[in-house]
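Colleague: Structure provided below as C-alpha cells; questions to follow.
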Amino acid sequence: MPLLSHLDALEAESIHIFRETAAAFRRPVMLYSIGKDSSVLLHLLRKAFYPARPPMPLLHVDTTWKFREMIAFRDRVAAEGDVEVLVHVNEEGLRQGISPLIHGSAVHTDVMKTAGLKQALDKYGFDAAIGGARRDEEKSRAKERVFSFRNAQHRWDPKHQRPELWHTYNTRIHQGESVRVFPLSNWTEMDVWNYIRRESIPVVPLYFAKPRPVVERDGALIMVDDERLTLREGESVQMREVRFRTLGCYPLTGAVASSADTLDKIIDEMAASRSSERQGRVIDHDGNASMERKKQEGYF
Amino acid sequence: MATPDTAPAVQASTQLLRFITCGSVDDGKSTLLGRLLYDTGMVPDDQLAALARDSRKLHADAPDALDFSLLTDGLDAERQQGITIDVAYRYFHSARRSFIVADCPGHEQYTRNMATGASNAGLAVVLIDARKGVLPQTRRHTYICALMGIRQVVVAVNKMDLVDCREDIYAAIAHEYRELAAQLGIAQVHCLPVVAPSGDNVGTRSSRMGWYEGPCLLELLESADTAPAQGTEFRMPVQWVNRPDASFRGYAGTVCGGRVAVGSEVVVQPAMRRARIERIVTADGDLSHASDGQAVTLTLDREIDVSRGDVIADAARPAPVADQFAAHVLWMGDEPLLPNRAYWLKIGTRTVNARITTIKHKVDVNTQAELAARRLELNEVGYCNIDLDHAIAYEAYADNRTLGGFVLIDRQTNATVGCGMLDFALRRAANVHWQHTDLDKQARSLSKGQEARCLWFTGLSGAGKSTIANLVERRLHALGYHTYMLDGDNLRHGLNKDLGFTPEARVENVRRVAEVSHLMVDAGLVVLVCVISPFQSERRFARRLFDEGEFLEVFVDTTLEECERRDPKGLYRKARAGEILNFTGIDSPYEAPEQPELHLRTTGLRPEQLAEQVVEQLLAGMGEGHSR
C-alpha cells in the first residue's frame with residue numbers, strides 16, 4: 219500500500235478537522251487574517267467541501283492598520299464569490315483613535331484585534347472559529363489543542379483544557395460557549411511554504427522581496443505604507459530590498475532584508491536562515507509569557 | 098561535533114513519523130530531545146544565542162557547554178505560573194523524514210498525558226538512565242505505550258559516559274528491557290547506548306562506543322514504520338454528507354484502514370445497506386482508489402440512507418456490529434467514574450450514550466496487578482464492560498485505532514472525562530434477542546382506558562414526595578385510573594436491599610427504579626416514583642427510557658432548613674451527628690432539576706393543594722378534563 223507523503227498526511231488531517239467543525243457546530247466561521255497561513259486555510263477549506271461551496275463564511279477583523287496590499291488581496295478573494303467574506307472593525311476603538319503608533323502594540327492589539335474579534339463573534343453568534351495558528355510558532359502554542367474550548371466570555375483556561383486523543387475531537391459545548399479550531403496545528407512554517415509551492419496557492423506579494431520604503435526603528439525595519447507613519451527625529455526613509463515572513467499591522471511588523479523574490483528562493487532562504495519566524499513580531503516581546511496571557515484574554 | 102550549517106530542505110515526498118518520548122527530566126529526556134533538534138539544524142540562530150546565554154548563566158563551571166535541555170524545558174516557567182503542563186508537540190525534520198514528537202513533561206497527570214501523546218504515535222522512545230537501569234517507571238511507561246497500541250519502541254540507554262561507556266552494563270539493561278517488552282506485548286524493540294549532551298549516537302554514530310555497531314537514534318527514527326496499524330479491510334466513518342444540490346450526494350470522511358476502488362461493493366454500517374462506489378471525489382480530481390489516511394468524498398451507485406456517524410466498509414468483510422463491549426478505560430475526569438452513570442461516547446464520527454456496567458478490575462499501571470474496584474479515579478485504568486444505547490460498527494483497538502478507540506464525555510459539563518480501547522464485543526448482545534410480543538403498551542393501556550405515564554417525584558429526604566404522591570394516587574384511583582406507586586424506601590427493603598448510599602449505589606438504585614417504572618408504563622399503568630434521585634444524570638437516564646410526553650419530572654422543592662425542621666424519620670439529626678454518612682443535602686449533593694415538568698414549591702401550601710396541581714397537569718397532558 220502506498221504511504222502518504224507528509225504533506226498529504228497533513229492536508230488530510232486538516233481537511234478532517236474542517237469537516238468535523240462543519241458537521242458538529244451550528245455556526246462556524248473561518249478567521250481570515252490574509253497571511254500565508256490564511257491562504258493555506260482557505261485552500262483547505264475549499265478542498266474539504268468540494269464540490270460544494272464552503273459551508274462557512276470568512277471573517278477578517280480589520281484593525282485598519284493592515285498593509286494596503288493585504289486589503290487589496292482580501293478584496294480579490296472576496297470577489298471570487300465562492301465564499302462570503304465578512305469584515306469587522308472595532309468602531310468603538312476607531313472612535314477612540316486607538317493607534318499602534320500612539321498607544322503601543324499592547325493596547326492596539328488588545329482593542330482592535332482581541333476586543334474586535336470578540337465583538338464580531340458575539341455579533342454573528344459564531345460557536346466555532348477556525349484559525350491558522352500552528353504549534354511550532356511559539357512555545358506557548360506547543361500544547362494548544364486542535365479544538366480549544368472557550369467559555370462564554372471567550373476566555374481560554376489553560377488549566378481546564380480537554381484531553382485530545384486520536385482524531386476523536388470532543389465538539390460538545392453549551393449555549394454561549396465556543397471553540398477555536400486550529401487545522402494547521404501540526405504544520406511547520408516550512409510545510410506551509412512547501413504546500414503553497416506544491417499547490418500554487420496565491421499569497422500576498424509582500425512575502426516576496428522587492429525594493430520597499432522602510433525606516434529603521436527600535437531595531438526593526440518598518441515599512442512606510444501610508445502617511446500615518448511619521449518619522450521621528452533622526453529617522454529617514456530608505457528604499458531597501460526586503461520581504462516579510464509574517465504579516466500583521468504594518469507599524470508592528472518588521473521586514474527582513476532579502477532578495478528572495480520567488481517561492482523557490484523563499485524556501486531556500488528559509489532552509490538557510492537561522493532565525494525564528496515570529497522574531498519580526500513586536501507583539502510577542504511584550505514581556506514574559508506574553509502570548510500565553512493574550513490567549514487567556516481571547517487573542518487567537 | 099560540528100553544528101549543521103543549515104536545516105535540510107524537506108522533500109515533498111518525505112513521510113511523517115509521529116512518536117512519543119517517555120522518561121523524566123532526570124533521565125535526560127529534555128537534553129536528548131534538545132540535542133536531536135540541534136543535530137537536525139532546527140535551532141535558529143536567535144534561539145541558539147539565547148541558549149548559549151542561558152547555559153552560561155546556569156552553569157558557571159562549564160561556560161562554553163550548551164545545555165540542550167533548555168530548548169525543550171520552556172514549560173518550567175509555566176509550572177511556576179500554575180499552568181497545566183501536559184503534552185507539548187515539537188516538530189523537526191531531517192533530509193529523509195518529518196517528525197512530530199509528543200513530549201509529556203513531569204510526573205503529575207503522567208498517565209493521562211502520556212496516553213494522549215501516545216494516541217497518535219507510531220513509536221515510542223523510552224529513556225533509561227544507565228546508572229539506574231530498568232525502573233518501575235520504565236515499566237509504567239511501557240505499559241501505557243502497549244495499552245495505547247504502540248508496537249515499536251526505541252530504548253535509549255542514556256548517560257553511558259557516567260558508567261564509563263561499559264558494554265556489559267548496557268547489555269544487561271537491554272536484555273532486561275526486552276524481557277519486559279515481551280511480557281507487555283511490544284513486538285519491535287531496538288536498544289542503543291547514548292550520551293545526550295555530547296550527541297553520541299543521537300544524530301551521528303558514536304566513536305567512543307565502538308562496540309555498538311547499530312544505527313544512531315536519528316537513523317532509527319528515519320527507518321521506522323510510520324503508520325500505526327489500521328487493519329487491511331476498507332473502513333471509512335462518514336463525517337459529513339456533501340449535498341450542494343440535488344444532482345450530487347457524496348459522503349465525506351477519512352479512510353481509516355484498507356483501500357477502496359471505484360466499483361467496489363460496500364456496506365453502510367450498522368444498518369448494513371449495500372451499494373457500489375460510483376466515484377471517489379477530491380478537489381484535485383476523481384481518484385480510481387483511496388487508501389488509509391486519505392480524506393475523500395465517496396458517491397454511491399444508488400440512493401440509500403447514509404448519515405454522519407455511519408461506517409462505509411468493504412461489503413465482503415464488514416466491521417462487526419455490537420452494543421456491549423469489554424474495554425480498557427483510562428479515567429481522566431476529576432470526579433470518579435461511576436458504574437451505570439450515563440456518558441456520551443464518541444467513536445470515529447459517531448456519538449452514542451454509554452454506561453460502564455461493570456468494572457471488572459482496575460490495573461495498577463506500575464505493576465499491572467489486577468485490583469478490585471468499584472469506581473475509577475483520575476489517572477486510573479480499568480477493564481470494564483460497556484453498554485451502548487445503539488449498536489455501532491467497530492474494530493478491536495489492537496486492529497484499528499479509529500474504530501476501536503473512544504472518548505467519554507460528561508453529559509453535564511461536556512468535559513472529556515475518559516478514553517477507552519475496545520477489546521471485544523460481549524456475546525450477550527448477540528445471543529440475547531429482544532423477544533417480540535404481540536400486545537404492546539398501547540393495547541395494554543387502551544384496555545385500561547388510559548394513557549400510561551411515569552410521574553417521577555424528586556427532592557430531598559423529608560420534602561414531602563411520598564405524602565404528595567400518596568394523595569395523587571388516591572385521587573387517580575378514585576377517578577378510575579390504574580396506578581402503582583414505587584417508593585424508594587420501600588424498594589430498599591426488597592429489590593434494592595443490596596445497595597447502600599454511596600454515589601455508586603445511588604446511581605444503581607435509580608437505574609433499577611427507572612427500569613422497573615419503565616416496565617410498569619409498558620404494562621399500561623400510571624406509575625408514581627418517589628426517590629430522592631439526587632443526580633441530574635440519573636434522572637436524565639430515567640427520562641430517556643420513556644417516549645416523548647410519557648415522563649413527568651415533579652420537583653418537590655422544600656428547603657433543606659424546612660426538611661431538617663420536619664425530620665420525620667430523625668435522619669437529619671443522625672446525619673448531623675455523623676451517625677449516617679452520604680446523606681443527601683448534608684454530605685452528599687442534591688442537584689436540583691433545571692426544567693422539571695412540575696415545580697412544586699411547598700412553602701405555605703398544604704399537601705392536598707400540591708397533589709391537586711399534579712393531578713391537573715397530568716390529566717391536562719392526557720387531553721382529559723377533570724371528570725372521567
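Protein chains in written order, with my numbering: chain G, 219 to 518; chain E, 98 to 725. Every residue gets a Cβ at the ideal spot worked out from N, C-alpha and C, and that includes glycine.
With distances taken from CA atoms, which of G:429, G:237, G:390 is nearest residue 505 (chain E)?
Modeller: Here the closest residue by C-alpha is G:390.
Colleague: Output the distance between the C-alpha atoms of residue 87 (chain E) and residue 463 (chain G), rounded to the nearest integer angstrom.
Modeller: Look at the range of chain E in this structure, 98 to 725, and you will see that residue 87 (chain E) is not part of it.
Colleague: Mind listing the chain E neighbours of residue 438 (chain G)? Cutoff is C-beta to C-beta under 9 Å, in chain order.
Modeller: Going along chain E, no residue has its Cβ under 9 Å from residue 438 (chain G), so there is no contact; the nearest lies around 13 Å.
Colleague: With a threshold of 7 Å on Cβ separation, who are the neighbours of residue 412 (chain E) within its own chain once the five nearest residues in sequence on each side are excluded?
Modeller: Within the same chain, residue 412 (chain E) has close Cβ partners 362, 363, 364, 371.
Colleague: Taking DSSP as the reference, what is the three-state secondary structure of residue 330 (chain G)?
Modeller: Residue 330 (chain G) falls in the helix class under three-state DSSP.
Colleague: List in chain order: all unbroken beta strand (DSSP E) runs of 3+ residues lying wholly within the region 425-473 of chain G.
Modeller: Within the region 425-473 of chain G, the complete beta strand (DSSP E) runs of at least 3 residues are 428-435, 438-441, 456-461.
Colleague: Decide if the region 459-471 of chain E is in contact with the region 231-240 of chain E; the criterion is three or more beta carbon pairs, one per stretch, under 8 Å apart.
Modeller: In short, these stretches touch, since the Cβ pair count reaches three.
Colleague: Taking Cβ-Cβ distances shorter than 7 Å, what residues in chain E pair up with residue 267 (chain G)?
Modeller: Result: 339.
Colleague: Using the C-alpha atoms, what's the distance from residue 538 (chain E) back to residue 567 (chain E)?
Modeller: Roughly 25 Å separates the two Cα atoms.
Colleague: Determine, using beta carbons only, whether residue 563 (chain E) comes closer than 8 Å to chain G.
Modeller: Closer than 8 Å: no.
Colleague: Where do the N-terminal and C-terminal ends of the alpha helix (DSSP H) with residue 242 (chain E) fall, by residue?
Modeller: Segment 233-244, the alpha helix (DSSP H) holding residue 242 (chain E).
Colleague: Under a CB-based cut-off of 8 Å, is residue 542 (chain E) close to chain G?
Modeller: It does not; no Cβ of chain G falls within 8 Å.
Colleague: Note down, in chain order, all residues in the region 677-688 of chain E with a beta-carbon under 8 Å from any beta-carbon belonging to chain G.
Modeller: Answer in chain order: no residues at all.
Colleague: Where does the unbroken beta strand (DSSP E) through residue 595 (chain E) begin, and where does it stop?
Modeller: Here residue 595 (chain E) belongs to no beta strand (DSSP E), and DSSP marks it neither H nor E.
Colleague: With a Cβ-Cβ cutoff of 8 Å, do residue 269 (chain G) and residue 300 (chain G) count as a contact?
Modeller: No, these two residues do not count as a Cβ contact at 8 Å.
Colleague: Which residue marks the beginning of the beta strand (DSSP E) containing residue 304 (chain G), and which one marks its end?
Modeller: 303-306 is the extent of the beta strand (DSSP E) around residue 304 (chain G).
Colleague: Can you round the beta-carbon distance between residue 727 (chain E) and residue 710 (chain E) to whole angstroms, since I take them to be within the 8 Å contact cut?
Modeller: No information on residue 727 (chain E) is available, as it lies outside the stretch 98 to 725 that chain E covers here.
Colleague: Judging by CA-CA distance, which residue of E:674, E:221, E:135 is the nearest neighbour of residue 321 (chain E)?
Modeller: When each option's Cα is compared against that of residue 321 (chain E), the closest is E:221.
Colleague: Residue 396 (chain G) lies in the beta strand (DSSP E); which residues open and close that run?
Modeller: Unbroken beta strand (DSSP E) run through residue 396 (chain G): 396-399.
Colleague: Using CA atoms only, rank isn't needed, just tell me which of E:310, E:165, E:163, E:392 is closest to residue 234 (chain G).
Modeller: Checking every option, the nearest Cα to that of residue 234 (chain G) belongs to E:392.
Colleague: Grab the span of the alpha helix (DSSP H) containing residue 151 (chain E) for me, first residue to last.
Modeller: Note, residue 151 (chain E): alpha helix (DSSP H), 142-155.
Colleague: Name the chain E residues that come within less than 7 Å of residue 354 (chain G), Cβ to Cβ?
Modeller: 188, listed in chain order.
Colleague: With 8 Å as the threshold, decide whether the Cβ of residue 405 (chain E) is near any Cβ in chain G.
Modeller: Yes, residue 405 (chain E) lies at the interface with chain G (some Cβ there is under 8 Å from its Cβ).
Colleague: On a Cα-Cα basis, can you pick out the residue from G:303, G:280, G:285, G:296 that is closest to residue 309 (chain G)?
Modeller: Among G:303, G:280, G:285, G:296, the Cα nearest to that of residue 309 (chain G) is on G:280.
Colleague: Alpha carbon to alpha carbon, what distance is there between residue 603 (chain E) and residue 597 (chain E)?
Modeller: Distance between the alpha carbons of residue 597 (chain E) and residue 603 (chain E): 7 Å.
Colleague: With hydrogens ignored, establish whether the beta-carbon of residue 543 (chain E) is closer than 7 Å to any heavy atom of the ligand NAP.
Modeller: Annotation note on the ligand NAP: not contained in the displayed structure, which lists no ligands.
Colleague: Start and end of the beta strand (DSSP E) containing residue 727 (chain E)?
Modeller: In the structure as shown, chain E begins at 98 and stops at 725. Residue 727 (chain E) is therefore absent and cannot be evaluated.
Colleague: With residue 318 (chain G) and residue 306 (chain G) assumed to form a contact (beta carbons below 8 Å), what rounded beta-carbon distance in angstroms separates them?
Modeller: At roughly 18 Å, the Cβ-Cβ gap does not stay under 8 Å, so residue 318 (chain G) and residue 306 (chain G) are not in contact.
Colleague: Could you tell me which chain C residues have their CB closer than 9 Å to the CB of residue 388 (chain G), listed as they occur along the chain?
Modeller: Structure shown: chain C not included; protein chains present are G and E.
Colleague: If we cut at 8 Å on Cβ distances, does residue 263 (chain G) have a partner in chain E?
Modeller: Cβ-Cβ to chain E under 8 Å: no for residue 263 (chain G).
Colleague: What does the Cβ neighbour count give for residue 233 (chain E), buried or exposed, with the cut at 16 atoms within 10 Å?
Modeller: With fewer than 16 other Cβ atoms within 10 Å, it is exposed.
Colleague: In whole angstroms, what separates the C-alpha of residue 218 (chain E) from that of residue 471 (chain G)?
Modeller: Near 37 Å, if we compare the C-alpha coordinates of residue 471 (chain G) and residue 218 (chain E).
Colleague: Between E:469, E:284, E:557, which lies nearest to residue 251 (chain E) when the distance is taken from Cα to Cα?
Modeller: The candidate whose alpha carbon is nearest that of residue 251 (chain E) is E:284.
Colleague: Relative to chain G, which residues along the region 279-297 of chain E have a C-beta separation below 9 Å, given in chain order?
Modeller: Those would be none; no residue qualifies.
Colleague: Is the Cβ-Cβ distance between residue 647 (chain E) and residue 618 (chain E) less than 8 Å?
Modeller: Contact: yes.
Colleague: Quick check: what's the CA-CA separation for residue 478 (chain G) versus residue 292 (chain G)?
Modeller: C-alpha separation (whole angstroms): 23 Å.
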